[in-house]
Structures are given as structure tokens and as C-alpha cells.
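At position 78 of the sequence shown the residue is numbered 77 (numbering that gives the first Met the number 0), and the sequence of numbers has no breaks.
For glycine and all other residues, C-beta sits at the position ideal for the given N, C-alpha and C.
Remarks on the structure that follows.
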Amino acid sequence: MKIVIINGPNLNLLGKREPDIYGSLTFETYFDQLKEKYPKIELEYFQSNIEGEIIDKLHEAGFSFDGILLNAAAYTHTSVGIGDAIKSIQTPVVEVHISNVYQREEFRHQSFISPNASGIIVGFGLKGYELALLSFLKD
Ligand code: DQA
């Protein structure tokens, strides 16, 4: 089983960025823990602050991976291009947000990802990535 986690802009600063909202763990540390916990899953991690690179990664993984966990961060609320990319690929995409975007500013309530995602996990902190991962495992 091949799964890729794709993180969007500013998520490279997890651990330092607004820790009251996003926690104090770096994503690299969390990702290492996840790989250790699920050694049988081929887990890949990709982060970019550039919209086109996220689209390129969706195209690359979207015909060969079993699942994509996507936190498009701020692009969630603005990117028609990322929404269209999800529509264009075969691999199911689970949308993940660390914070509960529905408790936050109104502009965060709009998502170009949600209508095209196979599921959505919102507001459970970094654990949301694990919950999304579990959705791809057979019972
Ligand atoms: C986020 C929520 C977005 O609104 C924000 O722009 C982010 C992170 C989250 O994981 O909670 O950068 O996607």
C-alpha cells in the first residue's frame, strides 16, 4: 500500500508556526512516528509552498499511489487548480486540516478540495493524518 502525504504552504513551519493552533511538534518528527507505527505502509511525504508543485505531485501520485492525504493549507480556500487536479486523477484524496477551520475565520469555511475529496478530517491536530491513513486500511 502506497500513500503520500502532501502538505501545502507554511506547513513546513509546523512546530514554530502559531503553536497555539497547530501544536509544537515538527511534521518531520510526527512523520517519523507514523512510519514507525505503520511499517507495512509505504509512506511518502511531500511539502511545497508552491501551488503548481502541489498540482504536479497530485498528477505524479494520482495514477500509481493507493491514497493521498492532502492538507492544501491556505490553497484549500483559493485554488481552483488544485480542486481540478483532484478531479483529474484516479487516486482517492482525503482532505486533512489540523485545526477546525469551521471554528475560525469565515474565509476558511470555503474549500475547493472538499467537493472532490473522498473524505474530510478536520480539527484533530496532527492525529488527523493518522485517522486519514486508517481510512485506507482494510477492516
Ligand atoms: C490548515 C487550515 C488553513 O486554513 C490554513 O491556511 C493552514 C492550515 C490546517 O491544517 O488547519 O495553513 O489547513
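Presumed contact (8 Å Cβ cut-off) between residue i and residue j, rounded CB distance
i	j	result
residue 85	residue 112	7 Å
residue 57	residue 128	Contact flag wrong, Cβ pair sits at about 17 Å.
residue 5	residue 62	Incorrect: roughly 15 Å between the Cβ atoms, too far for contact.
residue 142	residue 90	Residue 142 is absent from the structure shown; the chain starts at 0 and stops at 138.
Where the beta strand (DSSP E) containing residue i begins and where it ends
i	result
residue 79	Here residue 79 belongs to no beta strand (DSSP E); instead the alpha helix (DSSP H) covers 79–87.
Identity of the residue in the options nearest residue i by Cα
i	options	result
residue 40	47, 104, 24, 31	31
CB of residue i within 7 Å of CB of residue j, strictly
i	j	result
residue 94	residue 116	yes
residue 42	residue 97	no
residue 21	residue 13	yes
residue 78	residue 105	no
residue 110	residue 75	yes
residue 29	residue 130	no
| message | Quick check on the contact list: which residues have their beta carbon closer than 6 Å to a heavy atom of the ligand DQA? | response | 9, 70, 72, 73, 75, 96, 97, 98, 100, 107
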